[in-house]
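Quick notes on the structure that follows.
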Amino acid sequence: MKFIKWLLRGFLKLLFRVDCQGLEHYHKAGDRVLIVANHTSLLDGILLYAWLPETPTFAINTHIAQRGLFAPFLKFVSLFPMDPTNPLSLKSMIRYLREDNKAVIFPEGRVTVTGALMKIYAGPALIADKAEAMVLPIGIDGPQFSRFSYMKGRGPVRWFPRIKIRILPPRRIDIDAKLHGQKRREVAARMFQDTMYELVYNTHEQRQTIFATLLDAKARYGGKQIILEDIQRQPLTYSQLVQRSFILGGALRKLTSSNEHVGLLLPNTLAMAVSFLALQYLGRVPAMLNFTAGAHGIASACTTAQVRRIITARAFIDKAQLGETLKTLEQQVEVIYLEDLREHISLFDKLRGLLRSLYARRHYLQQTRERDPDTAAVILFTSGSEGTPKGVVLSHANLLSNNAQVRCYIDFRTSDILFSCLPLFHSFGLNAGFLMPLFGGSKIFLYPTPLHYRIIPELVYELGATILFGTNTFYRGYARHAHPYDFNTLRYAVAGAEKLRADTLQLWLEKFGIRILQGYGVTETSPVISVNTPFESKIGTVGRLITGMQAYLEPVEGIETGGRLVVSGPNVMRGYLLADNPGQLVPPTTQRGPGWYDTGDIATIDAAGFITLQGRAKRFAKIGGEMVSLTVVEELALAVWPGDSHAAVNLPDERKGEKIILITTHANPDRHELIDHARSQGYSELAIPKDVMAVRELPVLGTGKTDYQGLQKLAGKNTDD
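Residue numbers (this note's numbering): 4 to 724.
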């Protein structure tokens with residue numbers, strides 16, 4: 004048997020270049036072990052049989068075990084047929100494990116047909132709990148692209164894809180002894196679900212560069228796979244994207260230096276995508292400049308991040324009417340226009356780029372032998388909605404870790420089309436709207452602005468887009484102008500960057516039959532911290548903490564329930580670049596030490612781990628010594644005047660320290676309506692705004708967030724008047 008396993012292992016390694024890591028964890032697990040693995044293909048059992056030191060029993064669905072396909076396999080392993088509808092099957096497996104045996108089970112119960120995790124059954128969690136067995140998670144990646152998978156017709160399939168096996172440390176399903184019955188079952192299932200997420204998370208490569216990951220995606224999904232398109236409707240394949248990155252990189256190499264911070268001032272277009280990746284190829288650090296910030300804001304960002312050169316395009320500058328802004332910037336930085344670069348790229352340069360793209364990985368490795376994934380990959384800038392913008396330095400490992408984390412919950416498929424209209428100078432738009440689908444094989448349609456509320460629903464319908472990311476403001480705008488059938492192809496609609504309002508959620512459910520999944524993140528965490536998923540969702544929350552992160556709540560004086568949310572994880576930034584000390588990196592730290600980041604958001608976390616945001620710490624007013632959430636004030640206004648937009652700001656007050664001003668789009672607002680509703684619904688008297696102002700519309704930043712800083716200035720000016 005050992006010889007057969009050795010022979011089989013060598014054969015599989017030759018064909019699939021199998022990389023197995025973590026075998027030491029198998030030996031640490033002990034004798035009573037439930038081995039769990041994700042089910043990618045019909046090869047999974049053979050792979051585990053070949054690489055595990057011993058031959059465990061395989062627990063398998065009764066109906067599948069009866070198939071003739073498994074007859075040859077039965078001569079080498081023991082099968083434990085299990086009927087998921089029969090409780091006696093679970094009890095038999097529990098007894099079997101209690102006799103100090105090892106068994107392999109696939110908690111999904113079936114081979115994936117999406118390439119990602121399927122539904123996880125609670126049975127294996129109960130077995131591990133009742134049998135008091137160690138759980139040994141094993142992640143398998145690669146066979147889902149083989150001829151032995153169920154992905155034919157759903158994605159790229161080939162004979163011999165590269166396969167990775169990752170064996171994670173063993174662990175127990177430790178549940179509070181006080182829990183019994185259904186509650187214990189729910190907790191066990193949730194813990195097992197988290198284990199499966201961790202398993203998938205560890206199969207994604209995180210310790211390399213952005214460009215290396217692009218080359219991996221090209222190899223995995225095929226160079227001919229169309230991956231990018233913009234409003235010019237000239238799609239690019241992976242091969243063309245890599246080739247253009249090499250060509251533009253060759254031109255930029257002469258104008259920039261190694262590790263230089265280079266500003267990108269471009270909208271969501273192919274030119275932006277290629278420029279970003281060309282800088283990644285060269286080892287330069289793109290500084291993503293917000294072109295809606297004005298000349299002063301852009302110049303300040305360049306000073307903070309020590310940007311000496313900016314890449315832009317004359318066509319964009321003319322169309323966006325940024326000529327005066329560029330004149331101001333040219334006094335401080337060198338401006339490189341893509342049109343000028345194009346004129347200087349010769350036929351030889353293009354042929355050289357084409358040749359390099361034919362052996363792209365070898366060429367890239369020759370250029371970057373010692374590139375550290377913990378070095379800076381990109382510089383983003385905080386929106387400045389509540390203060391001076393700061394530079395946020397994210398490493399390659401930060402971005403790729405967040406990619407691995409999100410891929411546990413949102414599966415990007417080669418059949419997907421992601422409509423990407425969130426600006427790439429924002430972390431949500433850059434990582435979720437560009438890099439994640441780029442690495443997942445999904446086609447990305449880049450659109451230059453999210454504000455075209457009439458055009459975007461029509462384009463989503465025309466393209467048959469399946470994934471849309473946005474903010475509450477944008478989703479409300481689309482819903483007002485869209486036909487009920489415009490979003491019929493969407494698989495995922497995910498909201499972030501600002502609170503998803505209940506009326507927006509209800510509107511999308513009623514008009515389109517689509518549930519918007521609310522997530523939460525900040526630029527400093529690359530950006531995702533938590534997200535609701537089709538597997539686990541709770542209305543009113545921003546989901547559960549994603550895999551690989553830790554969090555705690557820091558008590559805040561005056562707030563009885565909840566506290567400041569502090570997080571850590573591999574996706575937390577390298578540090579800040581601050582205006583008062585340009586170029587000097589300030590790593591995140593809290594009282595718990597380096598690597599912890601204080602989000603500045605007040606939150607609660609329930610027993611199941613769902614996070615509910617109460618508002619930013621800065622968005623609490625202190626009135627007579629009491630802390631009042633401005634978000635609650637906005638919710639009060641929404642209840643009284645549904646369908647309108649509302650924003651609450653706080654201003655200094657001589658008598659009570661601070662006062663709250665409500666700014667609303669409701670015509671002729673009557674404060675007494677707020678008072679009556681607040682009293683009838685039990686709101687605190689402190690949540691009633693001191694004054695109410697009416698405006699035609701609330702100002703919005705380019706990222707989709709409400710411009711509270713601008714509103715505070717407006718409220719202060721009106722109060723002074």
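Glycine is no exception: its CB is placed at the ideal position from the N, C-alpha and C atoms.
Classification of residue i by the beta-carbon crowding that lies within 10 angstroms, buried from 16 upward
i	result
TRP9	exposed
GLN237	exposed
GLY685	exposed
ARG362	Before going on, a small fix: residue 362 reads as Tyr here, not Arg. Per the 10 Å Cβ criterion, exposed.
GLU327	exposed
LYS31	exposed
ILE663	buried
HIS669	buried
GLY266	buried
THR259	buried
Sequence-distant residues of the same chain with beta carbon closer than 6 Å to residue i, five excluded per side
i	result
LEU383	MET291, VAL395, SER430 and THR526
PHE19	PHE163 and ILE166
GLY603	ARG619 and ALA620
MET121	GLU111 and THR115
GLU501	THR474, ASN475 and LYS708
GLY443	PHE415
VAL1	Past the boundaries of the shown model lies residue 1; the chain is included only from 4 to 724, so the question cannot be answered.
LEU433	LEU427
GLU337	ARG312
Distance, residue j Cα to residue i Cα
i	j	result
ASP179	ARG416	38 Å
HIS264	GLY25	38 Å
GLU539	LEU520	10 Å
LYS257	LEU344	11 Å
GLU465	ASP489	8 Å
THR592	LEU568	13 Å
ASP506	GLY480	12 Å
ASN401	PRO376	9 Å
ALA606	ARG622	12 Å
ASP321	GLY286	30 Å
ARG174	MET137	6 Å
PRO702	GLN712	10 Å
ILE532	TYR200	15 Å
GLU27	ALA650	56 Å
Of the listed residues the options, nearest to residue i (C-alpha basis)
i	options	result
GLU557	GLU539, ARG595 and TRP511	ARG595
ASP729	TYR412, SER683 and GLN309	In the structure as shown, the chain begins at 4 and stops at 724. Residue 729 is therefore absent and cannot be evaluated.
LEU717	PHE83, THR667 and LEU231	THR667
LYS693	LEU654, ASN104 and HIS680	LEU654
MET194	THR550, PHE428, THR295 and GLU700	THR550
THR212	ILE348, ALA302, LEU82 and SER398	SER398
GLY499	TYR523, ASN262, ARG483 and VAL203	TYR523
PRO585	LYS353, LYS221, HIS649 and CYS305	CYS305
THR331	GLY566, ALA298 and ASP352	ALA298
GLY565	ASN574, PHE437, PRO573 and ALA554	ALA554
LEU11	ALA40, GLY48, LEU269 and LYS393	GLY48
Where the beta strand (DSSP E) through residue i begins and ends
i	result
GLN617	614-619
ILE314	312-315
THR602	600-608
ASN653	649-656
LEU421	420-423
ASN401	That residue, ASN401, is in no beta strand (DSSP E); its alpha helix (DSSP H) goes 399-409.
Close Cβ partners of residue i (< 7 Å) along its chain, the five nearest in sequence each way excluded
i	result
THR118	Contrary to the premise, residue 118 reads as Gly rather than Thr in this sequence. Closer than 7 Å at the Cβ level, and outside the excluded window around GLY118, lie GLN147, MET154, GLY158, ASP414 and ARG416.
TYR29	LEU55, PRO56, LEU139 and ILE170
Where the alpha helix (DSSP H) containing residue i begins and where it ends
i	result
ARG223	213-224
ASP710	It is not in any alpha helix (DSSP H) - ASP710 carries neither H nor E in the DSSP assignment.
CYS305	297-307
MET439	439-443
VAL635	633-643
MET199	184-204
VAL107	That residue, VAL107, is in no alpha helix (DSSP H); its beta strand (DSSP E) goes 105-108.
GLY13	5-19
PHE148	Element bounds for PHE148: n/a, residue is neither H nor E.
Residue i: CB within 7 Å of a non-hydrogen atom of the ligand GDP
i	result
LEU580	This structure does not include the ligand GDP; it has no bound ligands of any sort.
8 Å Cβ shell around residue i - same chain, five flanking residues per side excluded
i	result
GLU661	ALA624, LYS625, ILE626, ASN653, LEU654 and PRO655
THR536	TYR412, ILE413, LEU520 and GLY546
HIS680	LEU639, ALA642, VAL643 and TYR686
TYR367	PHE214, ALA215, LEU218 and TYR284
ILE130	LEU37, LEU93, MET96, ILE97, LEU100, ILE108 and ALA136
Residue i at chain B interface by Cβ criterion, 8 Å
i	result
PRO692	The chain labelled as chain B is not found in the depicted structure, where only one protein chain is given.
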